[in-house]
Amino acid sequence: MTHDPDWRAVESVPLGSPAAVHRLRVLTVNTHKGFTALNRRFILPELREAVRSTGADLVFLQEVLGVHDRHASRYDNWPQTSQYEFLADSMWSDFAYGRNAVYPDGHHGNALLSKYPIRQFRNLDVSITGPERRGLLHCVLDVPGHAEVHGICVHLSLLESHRQLQLKLLCQLLDSLPDDAPVIIAGDFNDWQLRGNTALARRQYLHEAFEHHHGRPARTYPARFPLLRLDRIYLRNATSRAPQILGSKPWTHLSDHLPLSVEVHLSPPLKAAPYL
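Going left to right, the sequence shown walks through residues 1 to 276 as the UniProt record's numbering numbers them.
Here you go:
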């Protein structure tokens, strides 16, 4: 893990002493760079409205464009900002971006949008070999009532051998976190054989929201006829309620993956304020 290994601080406006929060609505979505499946149509504005409609507190994004000069000159409705800033708009006050893939026209990576302050973040390069670039975007969130909440946005390799090495790097990251800190890991694991799912559950005391409630991770790919269980939401020091696959219109037409949402209940620290 070598790319952008250092923490980056994020300036936030002090909010005083708000009431403790122990419940978060989490959404994860592979944005497919703002295009429909097979890149037939640019639909980022529609995607923004759909994401806003969920009322999520935290949004984990994969395959989101930071810059793309050729697309910007081709599409009249291309945003003036990065895609993650366009999606955040006025609803999510804080956001972090981890650039993974860089090419002549621009770059893309993972992003996290948050209604709560992002204290600091870092992007960890977990690319193995070859042209495929992958990263783990690790954010430390200031959620009232908790010393720190960790959010990790994941997009792993298409290759099984690479995924296994990347999962080991993810486990190393998890080993470095405080034992009692709530951790939310979400994104596109590309783990269609479910091998990584077993390893994470056994080694890191994580539970995957959909497996916990339904016995298996959710089918999310391809969006219109989902067969593969690629996208996940893992939790530690937290519980999950009401996990949902957003599998109807407009979501089936907004990406090649279906989004996942879940209500996360953070384990309160000792002497925490009552649940909201």
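Even glycine gets a Cβ: it sits at the ideal position worked out from N, Cα and C.
For a minimum of 4 consecutive residues, which ranges assigned as the alpha helix (DSSP H) are wholly contained in the stretch 82-106?
Along the stretch 82-106, the alpha helix (DSSP H) occurs as fully enclosed runs of 4 or more residues at 83-88, listed in sequence order.
Let's see if you can read the secondary structure: which residues bound the beta strand (DSSP E) around Phe-60?
Mapped onto the sequence shown, residue 60 falls at position 60. Here the beta strand (DSSP E) through Phe-60 covers 58-68.
Give me the Cα-Cα distance between Pro-222 and Ala-37, rounded to the nearest whole angstrom.
On the sequence shown, position 222 is the one that residue 222 refers to. On the sequence shown, position 37 is the one that residue 37 refers to. Whole-angstrom Cα-Cα distance: 9 Å.
Tell me the residue span of the beta strand (DSSP E) that contains Leu-47.
Taking the first residue of the sequence shown as 1, we reach residue 47 at position 47. From DSSP, Leu-47 is part of no beta strand (DSSP E) but of the alpha helix (DSSP H) over 44-53.
Measuring CB to CB, does Val-154 end up less than 8 Å from Gly-109?
Residue mapping note: residue 154 aligns to position 154 of the sequence shown, counting from 1. Residue mapping note: residue 109 aligns to position 109 of the sequence shown, counting from 1. No Cβ-Cβ contact shorter than 8 Å links Val-154 with Gly-109.
Nearest CA to the CA of Lys-33: which residue from Arg-23, Gly-66, Asn-237 and Pro-250?
Along the sequence shown, one-based indexing puts residue 33 at 33. Out of Arg-23, Gly-66, Asn-237 and Pro-250, Gly-66 has the C-alpha closest to the C-alpha of Lys-33.
Could you check whether Ile-184 and Val-264 sit closer than 8 Å to each other, using their CB atoms as the reference points?
Numbered from its first residue, the sequence shown carries residue 264 at position 264. Numbered from its first residue, the sequence shown carries residue 184 at position 184. Yes, these two residues count as a Cβ contact at 8 Å.
I'd like to check one pair, Leu-112 with Leu-87: are the Cβ atoms closer than 8 Å?
For this step, residue 87 is matched to residue 87 along the sequence shown. For this step, residue 112 is matched to residue 112 along the sequence shown. In this structure, Leu-112 does not lie closer than 8 Å to Leu-87 by Cβ.
For the candidate residues Arg-40, Met-91, Thr-198 and Pro-18, whose alpha-carbon lies nearest to that of Val-59?
For the purposes of this step, residue 59 is taken as residue 59 along the sequence shown, with counting starting at 1. Selected option, being the one with the closest Cα: Met-91.
Beta carbon of Leu-254, beta carbon of Leu-24: below 8 Å?
In the sequence shown, counting from the first residue as 1, residue 254 sits at position 254. In the sequence shown, counting from the first residue as 1, residue 24 sits at position 24. Not a contact, by the Cβ cut-off of 8 Å.
So, for Arg-74: in the same chain, excluding its five sequence neighbours on each side, which residues have a beta-carbon less than 8 Å away from its beta-carbon?
Here residue 74 corresponds to residue number 74 of the sequence shown, with the count starting at 1. So the list is empty, once near-sequence residues are dropped.
Near Asp-256, which residues of its chain fall below 6 Å by C-beta distance, leaving aside the five closest residues on each side in sequence?
Here residue 256 refers to the residue found at position 256 of the sequence shown. So the qualifying residues of the chain are His-32, Ala-37, Pro-222 and Ala-223.
Contact between the stretch 139-151 and the stretch 111-126 is defined here as three or more beta-carbon pairs at a separation below 8 Å; is this criterion met?
yes
Report the residue from Pro-182, Val-126 and Arg-163 whose alpha carbon sits nearest the alpha carbon of Trp-192.
Locating residue 192 in the sequence shown gives position 192, counting from the first residue. Among Pro-182, Val-126 and Arg-163, the Cα nearest to that of Trp-192 belongs to Arg-163.
Quick check: what's the CA-CA separation for Thr-198 versus His-146?
As a working note, residue 198 is residue 198 in the sequence shown. As a working note, residue 146 is residue 146 in the sequence shown. Computed Cα separation, rounded: 29 Å.
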